[in-house]
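One structure is given below, encoded as structure tokens.
Number of protein chains: 2
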Amino acid sequence: MPESIFETVREKESPLAEQAADQISQLIIDQQLTNGEKLPNEFDLAEQLNVGRGTVREAVKLLVARNVLEIRRGRGTFVSHQTGVVHDPLGFAYMPDQLRLAHELLDIRLNVEPWVASLAAQQASPEDIAELRALCAEIEALIHTGQNHLGRDEALHVRIASCTQNRVISKLLPVITYSVQLFGKLTDDRIYQETIDTHRRIVDAIANHDSDAAGAGMRQHLMGNLSSIAEQERLYAEGKSSEKLEKLRP
Amino acid sequence: MPESIFETVREKESPLAEQAADQISQLIIDQQLTNGEKLPNEFDLAEQLNVGRGTVREAVKLLVARNVLEIRRGRGTFVSHQTGVVHDPLGFAYMPDQLRLAHELLDIRLNVEPWVASLAAQQASPEDIAELRALCAEIEALIHTGQNHLGRDEALHVRIASCTQNRVISKLLPVITYSVQLFGKLTDDRIYQETIDTHRRIVDAIANHDSDAAGAGMRQHLMGNLSSIAEQERLYAEGKSSEKLEKLRP
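Chains X and A are the protein sequences, given in the same order. Remember, this note's numbering sits 5 above the position in the first sequence when you count from 1. Remember, this note's numbering sits 5 above the position in the second sequence when you count from 1.
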């Protein structure tokens, strides 16, 4: 019976492995271990936590699955980069109606990102500005040569967030720019020139430490995305389009 | 050598189990399985994915660790509530300097939650309003009897978010109200009456569908938290306090 097998898995995993995982987490927190620092070896951990090595191994697996730890072949177990942040941490991929999701995300981005851009304009260092300009140039080159620029587009938004020096904004931005990939599916070529223009406008404003212009530029950029989705929806409603939209519909 | 053991774990886990986990995720997405729906059994999954049962079992463990799946004893494997959202999804617990984190979170809440409260005032149904009032009353009763109200306080903020009908706001709010627990550590009794008053003011405004008052009430509430932290920091700087703050310092 498959159920009984899963049951065995559970009996083996929880609560002992979960408890050990919690203890290892607490050890990382208490000792303020960060990205790249090495964990004690399995024997030491087992002794320290007063559990068997099998339990330590299961606990490590749980923490690897949650991106708290990573195993480097032949070198040991280390604290992960972006400790504890998994891919798609709010489970957007599992939400029904991805078109509705695109709208919901855009609502939030319209409220948050102009503020983030204006903070960035206040705080940006010369290094920040140089990197933002480089990302802009990279995106433009990708668009002009007909390549996918969405990864770099997302990187630009995340890099603007990191100018704020607020670590939570930096962690949050990649989550809400999940929509960049959705828009990539939704929008067509016409938005590309607008993307180039508004990205430049935002980065210029940040370079000039002009908060208001940075916020306004970001708002314009996101409103451009919004009207592009609306246009796709209109075509879809008229039965003229759109394969892309079709995929996102529930 | 402990490293070689971890290496074995890795060899066994990845990429095969990760690949199978991705395939199971995709199956959940494609078939739009949601909270509480049952997964095919282990044998069927192994056949469908063309992998061994051991790999399916490892893949299921990975997805359980990420809160995509849950195992119910003797009943099978089901899609989790809040699919794919783990506890502390942005890894705040692992961030050094939790006092700085409290400030960073509060900056974001000050930008986001007044807007959320004003949206809630536009959208709230009679059921929403009744539940918000019940939560308010519960929090007040806990405070008056000297019990910990922070769990219910967080629940109130999350319940206000759910009035907006924006599913992303509902997912995001529990993340940024992580700070409620931090403030609980930081603040003292003096803030309790202010909490009661501003909660009431916010909920009354939502009940009256008064967006501006809801936003202003939320802003006042969060500013109260901010000045309370500032006061603690002042005392700490003067060497008069504070055990609570001491714990949060890096």
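Glycine included, each C-beta is placed from N, C-alpha and C at the ideal position.
Indicate whether at least one CB of chain D lies closer than 8 Å to the CB of residue i.
| i | result |
| --- | --- |
| X:Ala98 | This model lacks chain D altogether, as its protein chains are X and A. |
Which of the three DSSP states is assigned to residue i in this structure?
| i | result |
| --- | --- |
| A:Arg205 | helix |
| X:Asp102 | coil |
| A:Glu75 | strand |
| X:Gly229 | helix |
| A:Val84 | strand |
| A:Glu23 | helix |
So, using beta-carbon positions, are residue i and residue j closer together than 8 Å?
| i | j | result |
| --- | --- | --- |
| A:Gln225 | X:Gly96 | no |
| A:Ile113 | A:Ile181 | yes |
| X:Ile201 | X:Met223 | no |
| A:Leu89 | X:Tyr99 | The question names Leu, but residue 89 of chain A is Gly in the sequence shown. Closer than 8 Å, so yes. |
| X:Leu178 | X:His162 | yes |
| A:Cys141 | A:Arg205 | yes |
| X:Thr169 | X:Val117 | no |
| X:Pro45 | X:Gln53 | yes |
Kindly list the residues whose CB is nearer than 7 Å to the CB of residue i, restricted to its own chain and excluding five residues on each side of it in sequence; keep chain order.
| i | result |
| --- | --- |
| X:Asn55 | none |
| X:Ala64 | Ala22, Ala25, Ala26, Ile29 |
| X:Phe11 | Because the pLDDT at X:Phe11 is just 43, under 50, the model does not fix this residue reliably, and the point stays unresolved. |
| X:Arg15 | At X:Arg15, the pLDDT of 45 sits below 50, so the modelled position is not reliable and the matter cannot be decided from this model. |
| A:Thr203 | Gly222, Gln225, His226, Gly229 |
| X:Tyr197 | Ile148 |
| X:Thr60 | Leu21, Ala22, Ala25 |
| X:Pro94 | Val180 |
| A:Val91 | Arg71, Asn72 |
| X:Leu231 | Leu111 |
With burial defined as no fewer than 16 other Cβ atoms inside 10 Å of the residue's Cβ, what is the status of residue i: buried or exposed?
| i | result |
| --- | --- |
| X:Arg62 | buried |
| X:Asn153 | exposed |
| X:Lys66 | buried |
| X:Thr150 | exposed |
| X:Pro20 | exposed |
| X:Asp217 | exposed |
| X:Arg71 | buried |
| X:Pro131 | exposed |
For residue i, which of the options has the nearest alpha-carbon?
| i | options | result |
| --- | --- | --- |
| X:Tyr241 | X:Val90, X:Leu147, X:Leu104, X:Gly151 | X:Leu104 |
| A:Gln128 | A:Asn171, A:Ile196, A:Pro94 | A:Asn171 |
| X:Asp49 | X:Gly81, X:Ile34, X:Arg71 | X:Gly81 |
| A:Asp35 | X:Thr39, X:Ile76, X:Pro101 | X:Pro101 |
Less than 8 Å between C-beta atoms, sequence neighbours within five positions excluded: which residues of the same chain meet that for residue i?
| i | result |
| --- | --- |
| A:Asp215 | Ala126 |
| X:Leu68 | Ala26, Ile29, Ser30, Leu74 |
| A:Ile211 | Ala122, Ala125, Ala126, Ala129, Asp133, Ile134, Leu137, Ile165, Cys168, Ala219 |
| A:Glu8 | Only weak support is given to the placement of A:Glu8: the predicted model assigns it a pLDDT of 41, under 50, and the question is left unresolved by the model. |
| A:Arg58 | Glu47, Phe48, Ala51 |
| A:Arg157 | Leu140, Glu143, Ile144, Leu147 |
| X:Thr39 | Val84, Thr88 |
| A:Leu115 | Arg224, Leu227, Met228, Leu231 |
Do residue i and the ligand PLP come close, with the Cβ less than 7 Å from some heavy atom?
| i | result |
| --- | --- |
| X:Arg224 | Among the ligands in the structure shown, none appear at all, so the ligand PLP cannot be discussed. |
In chain order, what residues of the same chain have a beta carbon less than 6 Å from the beta carbon of residue i, not counting five sequence neighbours either side?
| i | result |
| --- | --- |
| A:Thr13 | Unreliable placement is indicated for A:Thr13, whose pLDDT of 43 sits below 50; no coordinate value is reported for it. |
| X:Pro119 | Gly220, Met223, Arg224 |
| A:Glu159 | Thr182, Val185 |
| A:Arg239 | none |
| X:Lys43 | Gly81, Phe83 |
| A:Gly244 | none |
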